[in-house]
Amino acid sequence: MPTEELTPQQKAARTKARIRMFIIILTVLVVDLVAASINAFITSLSRFISPYLLTAIGMIIVVILFYPALEFLNRMTNWVLEATIGFTSNIVDRKRAVNLIFVFFLVLLYIAFFAVWFQKFLPTELWSVLFKAKPK
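Going left to right, the sequence shown walks through residues 1 to 136 as the numbering used here numbers them.
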């Protein structure tokens, strides 16, 4: 069964949908990373401020973070779409460029999550494992 060739409009629609999905994933991860960092900071203040007040402050901060994140998604999608089309049209095809950009940001977020959760810098940890040096 032969496959149908997609029109340029269909290809653009698929690329835009892929970019939107990637940006949603990255935004959720970034907001969660920031919320986890704020959570760690707020719980460290529990010795000085009432836990009741800190809980309310934490909830307000989470709402403040997530509400603008939705608007950010639309702006970022359009910006990334324009940037990838303009920058990568001469270098590689759009699909590959979008995937490379997504993987790059995903690796950066992985390093950031590792640092927040385990208080270790992943490149240093990998270096010590690869060269059997003791991490500091």
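Ideal placement from N, C-alpha and C gives every residue a C-beta, glycine not left out.
Quantities reported herein were computed from a predicted structural model and do not represent experimental measurements.
Can you give me the C-alpha to C-alpha distance between residue i and residue j, rounded to a whole angstrom?
i    : j    : result
A112 : E4   : 42 angstroms
K120 : S37  : 14 angstroms
A97  : F22  : 12 angstroms
V63  : F131 : 44 angstroms
Got a sec, what are the start and stop residues for the alpha helix (DSSP H) residue i sits in?
i    : result
F48  : Run containing F48: none; DSSP gives neither H nor E here.
T124 : L122 to L130
L6   : L6 -> no alpha helix (DSSP H), and no H or E assigned at all.
Considering only the alpha carbon of each residue, which of the options lies closest to residue i?
i    : options                : result
V80  : D93, I61, P68 and I101 : I101
L26  : A115, F72 and L122     : F72
L106 : I24, S44 and T55       : I24
- request: Let me know the beta strand (DSSP E) ranges lying completely inside the stretch 8 to 58, each 3 residues or longer, listed in chain order.
  value: none
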